[in-house]
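K.L.:
Next up is a structure, given as structure tokens.
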Amino acid sequence: MSRNRRLWTATIFLTVAVAGAVIQARGAVLPTLEEFYGVPEWQLGLVAPAGTLGYLLVMLLVGSSAGRVDTRTVIVVGAFGTAGALLAMGLAPTFLVFLAAMLARGATIGLVRALDRPLLGHFYPEDRGRVYNLYDAVWAVGAALGPLAVVLALALGSWRFVYLGLAGAVLVLAVLFWHLDAPDVGGNEEPLTRARLAALVRRPEILGMLAALFFVIGVEGSLFTWLPYYASAELPDRWAELTLTLLLAAYVPGRLVCGALAERVGYLTLLTVILGLLLPAFAYTFVVADGLWVLAGVAAIGALVSGVFPTAVAYGTDAAPEYSGPVNGVASATGSVAFATVPAILGVVIGGSSARSALPLLLVPLAAAFCVVVLARIAEYRRDRRPTGDPAAGND
Numbered sequence: 041m042s043r044n045r046r047l048w049t050a051t052i053f054l055t056v057a058v059a060g061a062v063i064q065a066r067g068a069v070l071p072t073l074e075e076f077y078g079v080p081e082w083q084l085g086l087v088a089p090a091g092t093l094g095y096l097l098v099m100l101l102v103g104s105s106a107g108r109v110d111t112r113t114v115i116v117v118g119a120f121g122t123a124g125a126l127l128a129m130g131l132a133p134t135f136l137v138f139l140a141a142m143l144a145r146g147a148t149i150g151l152v153r154a155l156d157r158p159l160l161g162h163f164y165p166e167d168r169g170r171v172y173n174l175y176d177a178v179w180a181v182g183a184a185l186g187p188l189a190v191v192l193a194l195a196l197g198s199w200r201f202v203y204l205g206l207a208g209a210v211l212v213l214a215v216l217f218w219h220l221d222a223p224d225v226g227g228n229e230e231p232l233t234r235a236r237l238a239a240l241v242r243r244p245e246i247l248g249m250l251a252a253l254f255f256v257i258g259v260e261g262s263l264f265t266w267l268p269y270y271a272s273a274e275l276p277d278r279w280a281e282l283t284l285t286l287l288l289a290a291y292v293p294g295r296l297v298c299g300a301l302a303e304r305v306g307y308l309t310l311l312t313v314i315l316g317l318l319l320p321a322f323a324y325t326f327v328v329a330d331g332l333w334v335l336a337g338v339a340a341i342g343a344l345v346s347g348v349f350p351t352a353v354a355y356g357t358d359a360a361p362e363y364s365g366p367v368n369g370v371a372s373a374t375g376s377v378a379f380a381t382v383p384a385i386l387g388v389v390i391g392g393s394s395a396r397s398a399l400p401l402l403l404v405p406l407a408a409a410f411c412v413v414v415l416a417r418i419a420e421y422r423r424d425r426r427p428t429g430d431p432a433a434g435n436d
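Remember, our numbering sits 40 above the position in the sequence shown when you count from 1.
This is the structure we're talking about:
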């Protein structure tokens with residue numbers, strides 16, 4: 041069992057690295073797709089929703105059904121489906137076919153990611169914070185390599201090579217999943233009814249997790265979308281192009297450090313410290329700093345914000361370990377909604393002013409997330425201080 045668990049862990053980590061590369065390659069390849077297919081910019085804007093829609097629906101449906109599905113079968117089907125969808129993207133004769141393949145790719149990778157993080161949580165129940173941060177650090181490595189894969193593909197002669205190469209990598213991983221024995225997690229995942237789902241999302245721990253994630257991931261999505269525009273006005277061209285890569289690269293050490301600290305200091309304590317440091321770092325970067333000091337601020341923001349999602353999900357999962365699939369699903373769905381809506385709202389503000397005046401407004405959702413986490417930490421502290429025999433403790 042121990043060997044099978046290690047093999048599952050290694051294969052999941054490799055898969056999530058490829059998933060990160062796929063996501064970040066998407067943005068890097070857009071200018072080439074515009075020229076290749078001869079489509080207007082508004083049609084290119086359909087790429088992100090196409091990739092997100094299928095992913096979001098599958099994450100919710102499969103995540104809420106985690107106790108009723110065969111984990112190995114669903115992951116194998118998702119991995120083979122993802123390889124096929126990436127192959128179709130690489131061979132797409134028209135932009136419409138490319139969009140349809142991207143929609144399918146979002147759905148199929150959703151089959152894998154709806155279950156892989158909960159599976160790791162069951163494999164390592166005493167180290168969820170460390171493992172979840174490592175999982176997302178591996179994703180960040182792949183994400184940082186995605187744009188480089190596009191550059192290499194273009195150097196070799198065609199953007200298609202990046203998707204064909206990624207399809208081959210996922211196919212190998214799908215075969216590995218197929219040959220693995222079914223994971224043994226001791227039947228820890230409980231089937232989720234509609235009533236249980238409603239009760240789950242009303243738990244204070246889950247509500248707090250979702251609120252904090254919405255605010256912080258909205259900020260992350262805004263940075264991924266608008267940071268290059270901000271940097272192009274504040275930095276020389278050769279440095280402005282590096283800001284997004286620098287932000288993503290900082291995720292790797294940030295998540296490794298958070299993973300090492302999560303179990304030692306506690307999830308809420310760690311989140312309080314992260315957000316408490318993130319506020320002044322963000323204010324310095326987008327209100328005070330100029331020139332190359334902006335790059336230092338971007339690196340600090342990346343290192344800090346990187347630990348919020350995995351640590352918050354570990355906190356939520358610890359509150360309801362029997363529903364780790366649904367917790368992962370609603371967390372990812374909340375993140376997807378925030379990732380899509382907050383940058384769009386900020387875009388409206390930027391359209392009426394500028395990126396320099398709009399980005400400091402992201403301090404508002406960061407402050408809201410900080411308040412949510414502080415309130416949750418105070419509530420946890422009060423619960424921990426209750427005498428064991430306090431009858432109120434049994435009413436929580």
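All C-beta atoms, glycine included, are put in the ideal place defined by N, C-alpha and C.
If you pair each beta-carbon of the segment 292 to 301 with each one of the segment 377 to 396, do three or more pairs fall below 8 Å?
P.N.:
With a cut-off of 8 Å on Cβ pairs, the segment 292 to 301 is not in contact with the segment 377 to 396, counting fewer than three such pairs.
K.L.:
Given this structure, state the Cα-to-Cα distance separating residue 213 from residue 219, to the nearest angstrom.
P.N.:
10 Å
K.L.:
Should residue 421 be labelled buried (16 or more other beta-carbon atoms within 10 Å of its own) or exposed?
P.N.:
exposed
K.L.:
Can you tell me which of the three DSSP states residue 179 falls into?
P.N.:
helix
K.L.:
Between which two residues does the alpha helix (DSSP H) harbouring residue 146 extend?
P.N.:
135 to 163
K.L.:
Taking residue 200 as part of the alpha helix (DSSP H), name the residues at either end of that continuous run.
P.N.:
200 to 219
K.L.:
Could you have a look at residue 86 and say whether DSSP puts it in helix, strand or coil?
P.N.:
Correct three-state label for residue 86: coil.
K.L.:
With C-beta atoms as the reference, is residue 351 less than 9 Å away from residue 314?
P.N.:
The Cβ atoms of residue 351 and residue 314 lie closer than 9 Å to each other.
K.L.:
Please determine, among 121, 125, 172, 130, the residue with the shortest C-alpha to C-alpha distance to residue 72.
P.N.:
130
K.L.:
Pull up the distance between the alpha-carbon of residue 200 and that of residue 311, whole angstroms please.
P.N.:
41 Å
K.L.:
For residue 358, does the three-state DSSP call read helix, strand or coil?
P.N.:
helix
K.L.:
Residue 324 lies in the alpha helix (DSSP H); which residues open and close that run?
P.N.:
First-last for residue 324: undefined, no H or E at that position.
K.L.:
To the nearest angstrom, how far is it from the Cα of residue 221 to the Cα of residue 112?
P.N.:
8 Å
K.L.:
Less than 7 Å between C-beta atoms, sequence neighbours within five positions excluded: which residues of the same chain meet that for residue 79?
P.N.:
Only residues of its own chain outside the window of five on either side were considered, and among them 135 have a CB closer than 7 Å to the CB of residue 79, listed in chain order.
K.L.:
Beta carbon of residue 367, beta carbon of residue 360: below 9 Å?
P.N.:
yes
K.L.:
Would you call the segment 368 to 377 in contact with the segment 182 to 192, where contact means no fewer than 3 C-beta pairs closer than 8 Å?
P.N.:
Verdict: no, contact absent.
K.L.:
According to DSSP, is residue 48 helix, strand or coil?
P.N.:
helix
K.L.:
Given a cut-off of 9 Å on the beta-carbon distance, is the pair residue 399 and residue 326 in contact?
P.N.:
yes
K.L.:
For the segment 115 to 125 against the segment 235 to 254, do three or more pairs of beta-carbon atoms, one drawn from each stretch, fall closer than 8 Å, so that the two count as touching?
P.N.:
no
K.L.:
Quick check on the burial criterion: 16 or more other C-beta atoms within 10 angstroms. Buried or exposed for residue 161?
P.N.:
With 16 or more Cβ atoms within 10 Å of its Cβ, residue 161 is classed as buried.
K.L.:
Write down every uninterrupted run of the alpha helix (DSSP H) in the segment 380 to 409 whose length is 4 residues or greater and which is fully enclosed by it, in chain order.
P.N.:
Assignment of alpha helix (DSSP H) within the segment 380 to 409, counting only whole runs of 4 or more residues, yields 395 to 398 in chain order.
K.L.:
Go ahead and pull the three-state DSSP assignment for residue 12.
P.N.:
The question about residue 12 has no answer, for the chain in this structure spans 41 to 436.
K.L.:
Which word fits residue 94, buried or exposed, when buried means at least 16 other C-beta atoms lie within 10 angstroms of its C-beta?
P.N.:
buried
K.L.:
Roughly how many angstroms lie between the CA atoms of residue 434 and residue 290, to the nearest whole one?
P.N.:
In this prediction, residue 434 has a pLDDT of 40, which is less than 50 and means its spatial position is unreliable; what the coordinates show is noted afterwards. Rounded to whole angstroms, residue 434 to residue 290 spans 43 Å at the Cα level.
K.L.:
Can you confirm whether the segment 145 to 156 touches the segment 86 to 102 when touching is taken to mean that 3 or more C-beta pairs between the two stretches lie within less than 8 Å?
P.N.:
yes
K.L.:
On the CB-based measure, 16 or more other CB atoms within 10 Å of its CB, does residue 304 come out buried or exposed?
P.N.:
exposed
K.L.:
Once DSSP output is grouped into helix, strand and coil, what is the label at residue 347?
P.N.:
Note: residue 347 maps to coil in three-state DSSP.
K.L.:
Output the boundary residues of the alpha helix (DSSP H) element that contains residue 290.
P.N.:
283 to 305
K.L.:
Would you say residue 316 and residue 245 are within 9 Å of each other, going by their C-beta atoms?
P.N.:
no
K.L.:
Would you say residue 203 and residue 396 are within 9 Å of each other, going by their C-beta atoms?
P.N.:
no
K.L.:
Pick from 61, 342, 53, 137: whose alpha carbon is nearest that of residue 83?
P.N.:
Of the candidates 61, 342, 53, 137, the one whose C-alpha sits nearest the C-alpha of residue 83 is 137.
K.L.:
Would you kindly work out how many angstroms separate the C-alpha atoms of residue 180 and residue 292, rounded to a whole number?
P.N.:
6 Å
K.L.:
How far does the alpha helix (DSSP H) with residue 245 in it reach, from first residue to last?
P.N.:
244 to 274
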